[in-house]
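> The sequence shown begins at 3 in the working numbering and counts up by one.
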Amino acid sequence: MSDDSLSVSAISLDDLTSIVGDDPDVLRDVVNAFLEDSPKLLDGMKEAFDAKDLEVLERNAHTLKSSSRLFRAEQFATQCQTIEACAKNSDWPVITEEMPKLCQNFEVIAQALEAELNKL
Numbered sequence: 003m004s005d006d007s008l009s010v011s012a013i014s015l016d017d018l019t020s021i022v023g024d025d026p027d028v029l030r031d032v033v034n035a036f037l038e039d040s041p042k043l044l045d046g047m048k049e050a051f052d053a054k055d056l057e058v059l060e061r062n063a064h065t066l067k068s069s070s071r072l073f074r075a076e077q078f079a080t081q082c083q084t085i086e087a088c089a090k091n092s093d094w095p096v097i098t099e100e101m102p103k104l105c106q107n108f109e110v111i112a113q114a115l116e117a118e119l120n121k122l
């Protein structure tokens, strides 16, 4: 696994629990919302990348960054922050390098969150 890859331990529900409490139904709702919305944001980023739409790339990266921090997915959030900043600065080489990593790392986060859901 490369340095840019995440492990399944890359997430935690602790911050989310401190915000919404430890009600399993509420936690499930928030995690499920993230798991439903994030692929749409990533798809939008891929389409924006293909269309060279920096505004959508920046906005979707910002949204993913913020929501992923609820689960302490800091490396993923940092990748989102990088893409957000690069979109703001039209830095296509870095965006081109980071987009595939971001998509791959989202899959790891999604699997880890699914595992957390099964524990609730």
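Quick reminder that beta carbons are idealized off the backbone N, C-alpha and C, glycines included.
So what's residue 20 in DSSP terms, helix, strand or just coil?
In the sequence shown, counting from the first residue as 1, residue 20 sits at position 18. Of the three classes helix, strand and coil, the one that applies to residue 20 here is helix, per DSSP.
> Rounding to the nearest angstrom, what Cα-Cα distance links residue 32 and residue 38 in this structure?
Locating residue 32 in the sequence shown gives position 30, counting from the first residue. Locating residue 38 in the sequence shown gives position 36, counting from the first residue. Near 10 angstroms, if we compare the C-alpha coordinates of residue 38 and residue 32.
> Should residue 91 be labelled buried (16 or more other beta-carbon atoms within 10 Å of its own) or exposed?
As a working note, residue 91 is residue 89 in the sequence shown. It counts as exposed.
> Comparing C-alpha positions only, which one of 111, 120 and 122 sits nearest to residue 36?
Walking along the sequence shown from the start, residue 36 turns up at place 34. Comparing Cα positions, the closest option is 111.
> Could you have a look at residue 75 and say whether DSSP puts it in helix, strand or coil?
In the sequence shown, residue 75 corresponds to position 73, counting from 1. Shown here, residue 75 sits in coil according to DSSP, grouped into three states, outside any helix or strand.
> By the 10 Å Cβ neighbour count, where 16 or more other Cβ atoms means buried, how is residue 79 classified, buried or exposed?
For the purposes of this step, residue 79 is identified with residue 77 of the sequence shown, where counting begins at 1. Looking at its Cβ environment, which holds 16 or more other Cβ atoms inside 10 Å, residue 79 is buried.
> So does residue 76 have its beta carbon nearer than 6 angstroms to some heavy atom of the ligand PLP?
With respect to the ligand PLP, the structure offers nothing, as it holds no ligand at all.
> Per DSSP, what kind of secondary structure is residue 54 in: helix, strand or coil?
Working through the sequence shown from its first residue, we reach residue 54 at position 52. Reduced to three states, the DSSP call for residue 54 is coil.
> Closest by CA to residue 127, which one among 72, 74 and 65?
Lying before the first or after the last residue shown, residue 127 is absent from the chain, which here runs from 3 to 122.
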